[in-house]
Amino acid sequence: MPYLVDMYVARASWPSSNGKIYQSIFLRQSYRDGPHVRKRDIANLTHCDPQEIAAIELALQFKGDLAALGSLDKIQLSQGLSVGAVWTVFEIARRLGIDQALGPEFAGQLALWQVLARVIE
Numbered sequence: 052m053p054y055l056v057d058m059y060v061a062r063a064s065w066p067s068s069n070g071k072i073y074q075s076i077f078l079r080q081s082y083r084d085g086p087h088v089r090k091r092d093i094a095n096l097t098h099c100d101p102q103e104i105a106a107i108e109l110a111l112q113f114k115g116d117l118a119a120l121g122s123l124d125k126i127q128l129s130q131g132l133s134v135g136a137v138w139t140v141f142e143i144a145r146r147l148g149i150d151q152a153l154g155p156e157f158a159g160q161l162a163l164w165q166v167l168a169r170v171i172e
């Protein structure tokens, strides 16, 4: 008499003759049939978005207690460090050739960071 053991997301990868690596993703069910462990493919997830596959894996991980995931009311958002100004000034310095003029050595990079900090300040 077969009985259900587990459900999981399985990935299979293999190289082709031209060097490209292919991957298939399946939602599988594993069960025991007497002394044998058997697998049954429930769905082919190969063409699903990675976010959808991650959501299925998360749901399977917490299938016994979905309340452990929490609700959206408990989520607190906070702004992290801003890097937009640093990136903008660095990009301007790169386009003007300032980073090339200062060179790749540690002293040149330190001088570039000092210039960036001064401009942003």
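So my numbering is basically just the index in the sequence shown, starting at one, shifted up by 51.
Note that CB positions come from ideal geometry on N, CA and C, so glycine has one too.
All figures in this text were calculated on a predicted structure; none of them were measured in a lab.
For the set Gly159, Glu172, Asn69, Arg89, the Cα lying nearest the Cα of Asp57 is the one of Arg89. By DSSP's assignment, Phe77 forms a beta bridge with Ala61, Asn95. Within a 10 Å sphere around the beta-carbon of Leu78 sit 16 or more other beta-carbons, which makes this residue buried. Excluding sequence positions up to five before and after Leu153, its CB lies within less than 8 Å of the CB of Gly159, Gln160, Ala162, Leu163, all in the same chain and listed in chain order.
Judged by DSSP in its simplified three-state form, Pro66 adopts strand.
Cβ contact annotation for Pro101 (same chain, cutoff 8 Å, sequence separation greater than five): none. Around the beta carbon of Ile76, a 10 Å sphere encloses 16 or more other beta carbons of the protein chains shown; the residue is thus reported as buried. No residue range can be given for Leu128, since it is assigned to no alpha helix (DSSP H) and is classified by DSSP as neither H nor E. In the structure shown, Asp116 falls within a coil segment according to DSSP collapsed to helix, strand and coil. With contacts defined as CB atoms closer than 7 Å, Ser67 and Gln74 fail to qualify as a contacting pair. Distance between Gln165 and Ser129, taken at the CA atoms: about 28 Å. Around the Cβ of Leu96, a 10 Å sphere holds 16 or more other Cβ atoms; the residue is buried.
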